[in-house]
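Participant: Please find one structure pasted underneath; my questions will follow.
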Amino acid sequence: MKKIVTFGEVLLRLTPPNYKRFIQANSFEADYGGAEANVAISLSRFGHDTHHISSLPDNPIGESALESIKKSGVNIDNISRDKKRIGVYYHEKGFSLRPSKIIYDRKDTSFSNIDLSDFDLDSIFKDANWFHFSGISPALGEKPRRLLLKILKYTKKYNILVSCDLNFRKNLWSPEEAQKHMIRMFPYVDICIDAYLGNDEDMPFYNKHNYINTDMNEKEYELHLYEKLFKQLIDKYNFKYIVSTIRESHSASDNTLSACGHDGSNFFYTDEKRIRIVDRIGGGDSFSAGLIHSLIEGDNLEKALDFGLYTSILKHTIHGDSNMIKAKEAYDLKADSFLDMILYT
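The sequence shown begins at 10 in my numbering and counts up by one.
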């Protein structure tokens, strides 16, 4: 069992039941999550000693959020409390050709006002093995950025491996802001996650136009881009590994999922799996948790990508932000010779 520390905002998620639209809703299902907390919950269920750093309001909603994390085995001793508010997001679940929608309400929350003085970082990190954060946290304000940079310095002090899910969100900050702040954190990052190929405005860290090659089919070209861009980022920022999931959306209910990664010398790509979706939110966080678990267990990057993919596949079948599975379930799914038949039916 390894000690893993995560850092990020815990959110209240409100979803109209039965695939209703917001305009139809007269009730909402309440869940709690958040990118980094989702990773901590998954890793706790995989058997690791997980500790989450955050801040929540000192009221019954904050208490409910704490309990939702604690019941999955995550240590909550380093979640401070204040008189502010919890971040909220509203989720309209898509179906078939109607896409999902998300509306954020996370201004002036407890996390955006998180206070560095509330945390004894030596106590938290002196026996830790791994630290995980995402690009969402520094996008939420100067105080989270200041604490995160302080934390990253402690990871170097205690020789702790660091993973970062880029999680660029253009509704939280601009590509220029993301570049300015995230590049300051890259020297501390060992494993970079979610370096996806989106539209140009979604890619603040690299330029895909350097690698145009029209002699390939669409899939070959996509993988060619990932390989070249990943090597570019490893050379530029000295990451140990850089990885991403690759998603093809056929509809809100039907996607194809795979993963790829680079270790500085070799590029790896998993098989594609077509999946039916109960709930897509948290799929990327589940991939991150599976990847981290596999690497901690001593697997190479190729095996870790594979395990991360299967943990993410299972999350897509589970309602809520968090992946409520044990590691054995992902290993069993991977070993099932009937997997492709199951996923396509």
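In this text, a Cβ means the ideal position worked out from N, Cα and C, and glycines have one as well.
Here the structure is a predicted model, which means the values were calculated and not measured.
Distance check for Phe142 and Ala344, CA to CA, integer angstroms please.
Facilitator: Position 335 of the sequence shown, counted from the first residue, corresponds to residue 344. Position 133 of the sequence shown, counted from the first residue, corresponds to residue 142. Ala344 and Phe142: Cα-Cα distance of roughly 31 Å.
Participant: In terms of alpha-carbon separation, which member of Ser297, Ala313, Asp294, Thr164 lies closest to Ser303?
Facilitator: In the sequence shown, counting from the first residue as 1, residue 303 sits at position 294. That would be Ala313, whose Cα lies nearest to the Cα of Ser303.
Participant: For a test of the three-state rule: what should DSSP assign to His328, helix, strand or coil?
Facilitator: Taking the first residue of the sequence shown as position 1, residue 328 is located at position 319. Coil, per DSSP.
Participant: With distances taken Cα to Cα, identify the nearest neighbour of Asn247 among Lys179, Met194, Thr265, Ala44.
Facilitator: Residue numbering aside, residue 247 sits at position 238 when the sequence shown is read from its first letter. Per the Cα distances, Met194.
Participant: Out of Thr265, Asp203, Ser258, Glu257, state which residue places its alpha-carbon closest to the alpha-carbon of Leu238.
Facilitator: Position 229 of the sequence shown holds residue 238. Closest by alpha carbon: Asp203.
Participant: For Thr320, which three-state DSSP category applies?
Facilitator: Here residue 320 is taken as the residue at index 311 of the sequence shown, counted from 1. Thr320: helix per DSSP, three-state reduction.
Participant: Got a sec? Which residues, its chain only, sit under 6 Å from Val97 by beta carbon, not counting five neighbours each side?
Facilitator: Numbered from 1 along the sequence shown, position 88 holds the residue referred to as residue 97. Excluding positions up to five away in sequence, the list reads Leu21, Asp114.
Participant: Extract the residue ranges of the alpha helix (DSSP H) inside the segment 32-82, only unbroken runs of 4 or more that lie entirely within it.
Facilitator: 44-54, 69-79
Participant: Please classify Lys12: does DSSP put it in a helix, a strand, or coil?
Facilitator: Taking the first residue of the sequence shown as 1, we reach residue 12 at position 3. Residue state, collapsed to three classes: strand.
Participant: Please state whether DSSP places Leu20 in a helix, a strand or coil.
Facilitator: Taking the sequence shown and counting its residues from 1, the one referred to as residue 20 is at position 11. If DSSP states are grouped into helix, strand and coil, Leu20 belongs with the strands.
Participant: Sort Asn275, Phe276, Ser253, Gly273 by Cα distance to Leu266 and report the nearest one.
Facilitator: To locate residue 266, count along the sequence shown from 1; it is residue 257. With distances taken between Cα atoms, Leu266 lies closest to Ser253.
Participant: Identify, in the order they occur along the chain, each residue of the same chain with its Cβ nearer than 6 Å to the Cβ of Ala298, setting aside the five sequence neighbours on each side.
Facilitator: Taking the first residue of the sequence shown as 1, we reach residue 298 at position 289. Hits under 6 Å: Val48, Ser51, Leu52.
Participant: Does DSSP put Arg256 in a helix, in a strand, or in coil?
Facilitator: Taking the sequence shown and counting its residues from 1, one reaches residue 256 at position 247. Looking at Arg256 - three-state DSSP - the assignment turns out to be strand.
Participant: For Asp199, which option in Phe140, Asp341, Glu306 has the closest C-alpha, if you only look at C-alpha atoms?
Facilitator: The residue given as residue 199 occupies position 190 in the sequence shown. The option with the nearest alpha carbon to Asp199 is Phe140.
Participant: Buried or exposed: which applies to Phe316, given that a residue is buried once 16 or more other Cβ atoms fall within 10 Å of its Cβ?
Facilitator: Counted from its first residue, the sequence shown places residue 316 at position 307. Burial call: buried.
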